[in-house]
Amino acid sequence: MCNCMGMVLSCSVCDVIVLPFICIFKARRCIRALKAVRAEHVAPQVYSTRWSSSTVPRITTHYTVYPRDKDPRWEGMEMERFADEADVVIVGGGPAGLSAAIRLKQLANQHEKELRVCVVEKASQIGAHTLSGACLEPTALNELIPDWKERGAPLNTPVTEDKFAILTEKYRIPVPILPGLPMNNHGNYLVRLGHFVRWLGEQAEELGVELYPGYAAAEVLFHEDGSVKGIATNDVGIGKDGSPKDVFERGMELHAKVTLFGEGCHGHLAKQLYKQFNLRENCEPQTYAIGLKELWVIDEKKWRPGRTEHSVGWPLNRNTYGGSFLYHLNEGEPLVALGFVVGLDYTNPYLSPFREFQRWKHHPSIMSTLEGGNRIAYGARALNEGGFQSIPKLTFPGGMLIGCSPGFMNVPKIKGTHTAMKSGMLAAETAFSKITDENLQSETAGLYIPEYKEALEKSWIWKELYAVRNIRPSFHNYFGLYGGMLYTGIFYWFLRGKEPWTLKHNGLDSAQLKPAKDCAPIEYPKPDGKISFDLLSSVALSGTNHEHDQPPHLTLKDDSVPVAQNLAIYDGPEQRFCPAGVYEYVPLETGDGMRLQINAQNCVHCKTCDIKDPSQNINWVVPEGSGGPAYNGM
Amino acid sequence: MSARVLVGVKRVIDYAVKIRVKPDRTGVVTDGVKHSMNPFCEIAVEEAVKLKEKKLVKEVVAVSCGPQQVQETIRTALAMGADRGIHVEVSGKDYETLGPLQVSKILAALAKKEQADLIILGKQAIDDDCNQTGQMTAALLDWPQRSPEDGTFASEVNIEADKLKVVREIDGGLETIKINLPAVVTADLRLNTPRYATLPNIMKAKKKKIANVKPADLGVDVSSRLEVLKVDEPPQRQAGVKVETVHDLVGKLKEAGRI
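Chains A and B, in that order, give the protein sequences. Position 187, counted from 1, in the first sequence is what UniProt numbering calls 187; the numbers after and before it change by one each time, with no gaps. Position 119, counted from 1, in the second sequence is what UniProt numbering calls 119; the numbers after and before it change by one each time, with no gaps.
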């Protein structure tokens with residue numbers, strides 16, 4: 001027996017796998033042993049002997065886990081960074097970031113002020129990491145660029161038909177969409193969001209925004225008073241084992257009066273900022289879903305441009321939130337965008353969102369559309385489902401959070417782009433007045449702009465999110481999906497969210513998994529190669545790639561936890577929820593036991609692992625810029 | 001050393017992207033697809049910049065032929081260390097049919113115009129895999145051409161007196177060749193490891209000049225003598241058949257008319 005506190009998994013003193021509860025004997029002996037081992041693992045080694053009597057192959061080499069100032073291989077390396085100043089730096093070239101940039105420049109031109117706006121984006125080109133259904137509500141766009149049609153915005157497919165159904169294994173039960181229900185899509189457009197974002201990028205460049213795709217913001221910089229000073233882009237030329245290569249170069253620092261963080265759902269810098277500024281103390285934890293999407297060129301006879309189809313039910317059971325979308329796009333060739341969303345609060349560790357998606361395509365009503373067609377693209381991304389209850393504190397000295405990063409998605413409408421864009425615009429407007437205010441006396445070096453939150457609360461975003469706040473949490477009941485639909489039908493349709501109560505979510509998604517021994521494995525059908533496909537050929541279609549000789553960007557705080565906890569208790573759910581096959585449990589070369597293999601090159605930057613890992617041991621950090629998927633109009 | 005180096009860079013579809021044939025089978029889909037600099041061209045630029053850093057050449061000029069988008073590729077070369085760029089504007093149908101012959105004519109004309117002493121090109125482009133432009137350019141200029149790689153291991157390129165010294169690894173050891181300048185050199189994979197185009201360099205590169213030139217200004221006709229009839233995907237791999245005995249094998253071969 002040993003007395004090791006908290007997170008010890010296997011004690012070097014007594015070779016027992018200890019789950020996180022306090023055991024009672026010999027505490028001090030263990031902790032001393034731990035301290036001794038910890039001081040050792042600074043130098044690089046193939047096997048790390050941490051808290052464990054069996055050796056664990058070294059997986060993580062990233063400097064965020066093994067700091068370089070203690071690493072002998074980095075002694076004497078030039079670590080100075082080139083720095084530049086801008087007025088506003090925006091992290092993330094997506095709908096929110098670009099709308100903010102465009103709005104800033106519009107205001108600057110209107111008031112004849114000079115304003116330097118820089119946008120850094122980790123994708124190699126603007127739009128290459130953008131993935132969404134998508135059905136766009138043009139409200140924010142009409143406010144931002146009223147003449148978008150003349151300027152050639154790629155909104156080519158107005159919604160003509162809107163269908164909603166509950167699927168069972170063989171049948172399809174249509175559900176009427178009454179006007180007033182959030183999923184009514186009249187007046188909206190089906191878009192290829194990647195192309196829309198690319199167009200926004202062009203508009204931004206025309207206005208004089210400096211766009212830097214291919215450069216990831218890797219670090220937040222702080223002034224001495226603790227306010228945000230700006231960001232630093234990623235270092236390049238670090239080898240897979242964490243040592244510097246000949247081509248090593250430090251990233252660059254971009255300083256700004258205020259930095260807008262628009263990294264999209266579950267951004268990695270936002271994760272740090274939540275801790276640093278305690279932004280989540282008064283809101284519920286964010287809850288997420290994973291969305292997988294494919295683009296198909298189908299038989300022309302089956303093509304109905306403008307048709308929007310959504311479904312719930314099969315193949316998910318009533319207690320697993322999720323559903324599908326199928327949009328017929330009008331862009332020249334008979335193209336459909338289809339996909340499947342699974343709430344990440346699912347409980348069965350044997351569930352594989354990718355395989356549920358492939359299985360769903362075999363439903364007779366879906367297969368009839370896809371038969372004779374060709375799949376041309378695949379991708380996946382996490383999305384927010386927390387809505388109103390999960391919005392954190394949005395402003396802190398020197399910075400603001402915009403877009404899906406804090407999370408403004410309207411879940412029953414399945415739309416977040418219009419609110420993301422509006423949040424970017426409001427951030428830009430409030431930032432602009434603060435920056436150009438000549439009489440401003442700021443207490444901190446980085447500007448603190450609480451007016452952004454006030455502007456949001458007065459805007460239509462707030463009203464919209466407040467009205468639908470109870471729909472997603474209403475699924476947490478015994479009847480699951482049907483309870484939720486009943487609640488929506490009764491309360492939302494009549495009261496439009498005016499009911500005085502606010503339902504709560506279930507807590508952290510990562511805490512929802514039940515141990516594998518309490519759950520039944522799911523039998524998934526084999527992919528047939530025509531309608532459903534295997535994981536690796538799908539990943540190849542995403543065009544994802546990373547420089548292979550770099551530290552894996554899926555870092556583990558503790559390399560021994562995957563086998564000791566994730567595999568032992570939950571049967572390794574990461575090998576199932578990752579839509580790109582990054583995580584694999586392979587047998588050890590010595591024959592006894594398994595090890596986790598991380599195929600970082602496959603990563604499509606969806607962030608699901610960071611969200612759903614039951615041990616919360618995986619920390620997704622940004623890889624070298626330009627790495628990641630190469631989506632084209634997803 | 002007052003030598004001037006001309007480096008050709010080509011914008012190609014990124015090597016990790018899955019190619020799709022256009023529905024009308026006249027080519028591949030390029031609209032919106034991720035493009036980047038041809039990997040062999042990156043190595044060529046790196047070699048040229050290394051020569052400049054060794055003070056063996058005075059100026060590195062990056063050249064690319066194509067529509068507006070190739071300016072990004074030229075900027076990347078400028079960010080890696082090239083001094084200025086030349087964008088030869090070719091767009092639309094002419095760009096779709098632009099091949100090694102026209103490009104080598106353009107490069108030859110530019111080499112004369114810019115009084116270049118050395119042309120460094122990538123060995124081949126990863127989209128057409130032609131491996132012809134270097135050789136054709138040298139022939140048009142009547143200059144010697146060498147690949148310091150030629151399929152063997154990486155080595156050095158140096159300029160001594162008025163000659164280009166190339167060291168190649170061959171089976172028996174190291175081979176050193178001297179060729180007269182001016183010359184054309186084509187770069188293969190293991191010649192060097194290209195540096196990253198870092199953000200401060202990209203920002204500086206925005207201030208470097210890119211001149212716009214039309215092929216007609218150089219006296220080059222870019223019309224193609226080749227016509228692409230159709231483009232198809234490679235045939236799907238058929239599954240193999242397993243047989244249990246030699247008897248079955250012979251039977252199957254007879255069935256297929258092979259014996």
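The beta-carbon is built from N, C-alpha and C at its ideal position, and this holds for glycine as well. In this text the structure is predicted, and so the values were computed from the model without any measurement.
In chain order, what residues of the same chain lie with their CB nearer than 6 Å to the CB of residue i, ignoring the 5 residues before and after it?
| i | result |
| --- | --- |
| residue 608 (chain A) | 290, 382, 577 |
| residue 68 (chain A) | 74 |
| residue 248 (chain B) | none |
| residue 60 (chain A) | 555, 556, 559 |
| residue 31 (chain A) | Because the pLDDT at residue 31 (chain A) is just 42, under 50, the model does not fix this residue reliably, and the value given afterwards should be weighed accordingly. Answer for residue 31 (chain A): no residue qualifies. |
| residue 302 (chain A) | 369 |
| residue 397 (chain A) | 227, 444, 446, 448 |
Under a Cβ-count criterion, where at least 16 other Cβ atoms within 10 Å of its own Cβ denotes burial, should residue i be classed as buried or exposed?
| i | result |
| --- | --- |
| residue 171 (chain A) | exposed |
| residue 72 (chain A) | exposed |
| residue 418 (chain A) | buried |
| residue 368 (chain A) | exposed |
| residue 15 (chain A) | Model confidence at residue 15 (chain A) stands at a pLDDT of 41, short of 50, so the residue's coordinates are unreliable; what they give is reported in the following sentence. Flag for residue 15 (chain A) reads exposed. |
| residue 95 (chain A) | buried |
| residue 126 (chain A) | buried |
| residue 143 (chain B) | buried |
| residue 223 (chain B) | exposed |
| residue 623 (chain A) | buried |
With a threshold of 7 Å, establish whether the CB of residue i neighbours any heavy atom of the ligand HEM.
| i | result |
| --- | --- |
| residue 28 (chain B) | This structure lacks the ligand HEM, and indeed carries no ligand of any kind. |
Considering only their Cβ atoms, is the gap separating residue j from residue i smaller than 8 Å?
| i | j | result |
| --- | --- | --- |
| residue 279 (chain A) | residue 392 (chain A) | yes |
| residue 544 (chain A) | residue 602 (chain A) | yes |
| residue 22 (chain B) | residue 29 (chain B) | yes |
| residue 384 (chain A) | residue 286 (chain A) | yes |
| residue 636 (chain A) | residue 76 (chain B) | This structure cannot settle anything about residue 636 (chain A), because the visible part of chain A is limited to 1 through 634. |
| residue 183 (chain B) | residue 5 (chain B) | no |
| residue 120 (chain B) | residue 166 (chain B) | no |
| residue 314 (chain A) | residue 488 (chain A) | no |
| residue 182 (chain A) | residue 412 (chain A) | yes |
| residue 389 (chain A) | residue 504 (chain A) | yes |
| residue 318 (chain A) | residue 481 (chain A) | yes |
| residue 57 (chain B) | residue 81 (chain B) | no |
| residue 78 (chain B) | residue 118 (chain B) | no |
| residue 405 (chain A) | residue 263 (chain A) | yes |
Which two residues bound the contiguous alpha helix (DSSP H) that contains residue i?
| i | result |
| --- | --- |
| residue 453 (chain A) | 451-458 |
| residue 296 (chain A) | Segment 288-297 is the beta strand (DSSP E) holding residue 296 (chain A); no alpha helix (DSSP H) there. |
| residue 108 (chain B) | 100-114 |
| residue 324 (chain A) | Premise fails: residue 324 (chain A) lies in the beta strand (DSSP E), 322-331, not in any alpha helix (DSSP H). |
| residue 273 (chain A) | 268-277 |
Going by C-alpha distance, which of the options is nearest residue i?
| i | options | result |
| --- | --- | --- |
| residue 575 (chain A) | A:165, A:540, A:493, A:600 | A:600 |
| residue 297 (chain A) | A:326, A:311, A:568 | A:326 |
| residue 107 (chain A) | A:365, A:197, A:431 | A:431 |
| residue 122 (chain B) | B:189, B:139, B:158 | B:189 |
| residue 204 (chain B) | A:149, A:203, A:212 | A:212 |
| residue 425 (chain A) | A:116, A:120, A:140, A:92 | A:140 |
| residue 124 (chain B) | B:180, B:172, B:64, B:40 | B:40 |
| residue 300 (chain A) | A:328, A:274, A:78, A:318 | A:328 |
| residue 45 (chain B) | B:71, B:60, B:31, B:54 | B:60 |
| residue 550 (chain A) | A:580, A:584, A:625, A:321 | A:625 |
| residue 351 (chain A) | A:521, A:567, A:529, A:210 | A:521 |
| residue 305 (chain A) | A:312, A:282, A:335 | A:335 |
| residue 236 (chain B) | A:529, A:586, A:436, A:501 | A:529 |
In its own chain, which residues sit with a C-beta less than 8 Å from the C-beta of residue i, not counting the 5 before and 5 after it?
| i | result |
| --- | --- |
| residue 255 (chain A) | 83, 84, 85, 86, 89, 221, 229, 230 |
| residue 527 (chain A) | 358, 533, 534 |
| residue 46 (chain A) | For residue 46 (chain A), the predicted model reports a pLDDT of 45, less than 50, meaning its position is unreliable; a value from the coordinates is still stated below. Once the five neighbours on either side are set aside, the close Cβ partners of residue 46 (chain A) are 57, 58. |
| residue 130 (chain B) | 99, 100, 124 |
Where does the unbroken beta strand (DSSP E) through residue i begin, and where does it stop?
| i | result |
| --- | --- |
| residue 609 (chain A) | Where residue 609 (chain A) is concerned, there is no enclosing beta strand (DSSP E), although the alpha helix (DSSP H) it sits in stretches over 608-612. |
| residue 37 (chain B) | 35-37 |
| residue 376 (chain A) | 374-384 |
For chain E, find out if any of its Cβ atoms is closer than 8 Å to the Cβ of residue i; answer yes or no.
| i | result |
| --- | --- |
| residue 128 (chain A) | Looking at the structure shown, chain E is missing, and the protein chains on hand are A and B. |
Who are the Cβ neighbours of residue i in its own chain at under 7 Å, not counting the five residues just before and after it?
| i | result |
| --- | --- |
| residue 17 (chain B) | 33, 34 |
| residue 140 (chain B) | 104, 105, 108 |
| residue 373 (chain A) | 296, 297, 298, 299 |
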